[in-house]
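All remarks here apply to the structure that follows.
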Amino acid sequence: LKNPLTSLRSAVETLPLAKSEESKQRLTNIIFHDVRRLDRLISDISDASRLDAELARSDSAPVDMEALVSNLVDISLQIRTGRKPVEIDLTVDRKTDVKSEFTVSGHDLRLGQIVTNLIENARSFVPEKSGRIKVRLFTNSKGRCIVHVDDNGPGIQAEDIDRIFERFYTDRPEGESFGQNSG
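At position 82 of the sequence shown the residue is numbered 412 (the working numbering), and the sequence of numbers has no breaks.
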């Protein structure tokens, strides 16, 4: 919240000093942009708080991750309006023929939201042409279900890798509109 507030304060303080209409309009546009950013961030914080409370209250249930991930990949491939076109490949590495191999205890809507966020974040980082996302579902040596999303984008800088689990951390490529993501 501090970044858009600082920008907003600066624009508001500078507005009376602007000499040309063009400068005033540019500052007004910054003010409107920062107000929209604040509104979106407050909504995201509210959603995160509501999610925390919801997860604390509700009981988890068995979720078929194979069906969930397959459906989400299919939907992501079909809905392209306003999105960068990419190839999305799904690989399911079965060790057994047991249906429950990819069943986890959780909340299907929230798990779906996580997988969708991973796919859409990957989509935002892949090249305009030849963008490719690989989704792999497998179990590790401890029998845990793993969803691995990989893309051919630039990746995360090594010095920032530990920050990716910070709530609201964001790191966007150069050239992408600033302030459009909440982390």
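Cβ atoms here follow ideal geometry from the backbone N, Cα and C, with glycine treated the same way. If you're wondering where the values come from, they're calculated on a predicted model, not measured in any experiment.
Tell me, which residues are paired with residue i by DSSP?
| i | result |
| --- | --- |
| THR421 | ARG466 |
| HIS478 | ARG466 |
| VAL365 | Answer is none; VAL365 lacks a bridge partner. |
| VAL434 | VAL393 |
State the start and end residues of the unbroken alpha helix (DSSP H) segment that holds residue i.
| i | result |
| --- | --- |
| ASP438 | 438 to 455 |
| VAL403 | 395 to 408 |
| LYS332 | 332 to 344 |
Considering only C-alpha positions, which residue in the set the options is nearest to residue i?
| i | options | result |
| --- | --- | --- |
| GLU431 | ASP501, PHE468, LEU439 and LEU407 | PHE468 |
| LYS459 | GLN355, ARG413 and VAL479 | ARG413 |
| HIS478 | GLN355, ASP423, ALA391 and ARG366 | ASP423 |
| ILE444 | LEU398, THR344 and SER454 | LEU398 |
| ASP389 | ARG474, LEU345, LEU439 and HIS363 | LEU439 |
| GLN487 | CYS475, ILE476 and THR500 | THR500 |
| ILE360 | HIS437, THR344 and ARG474 | THR344 |
| LYS429 | PRO346, ASP364 and CYS475 | CYS475 |
Here's the rule: buried if 16 or more other CB atoms are within 10 angstroms of the residue's CB, otherwise exposed. What is residue i?
| i | result |
| --- | --- |
| ALA341 | buried |
| ILE418 | buried |
| PHE455 | buried |
| ALA452 | buried |
| LEU357 | buried |
| ASP481 | buried |
| VAL393 | buried |
| ARG367 | buried |
| LEU331 | exposed |
Fill in: Touch test, the stretch 459 to 473 against the stretch 385 to 404, Cβ-Cβ under 8 angstroms, three pairs minimum
yes
Touching by the beta-carbon criterion (3+ pairs, under 8 angstroms), the stretch 435 to 450 and the stretch 483 to 496 | Contact between the stretch 435 to 450 and the stretch 483 to 496 is not established, with fewer than three Cβ pairs separated by less than 8 angstroms.
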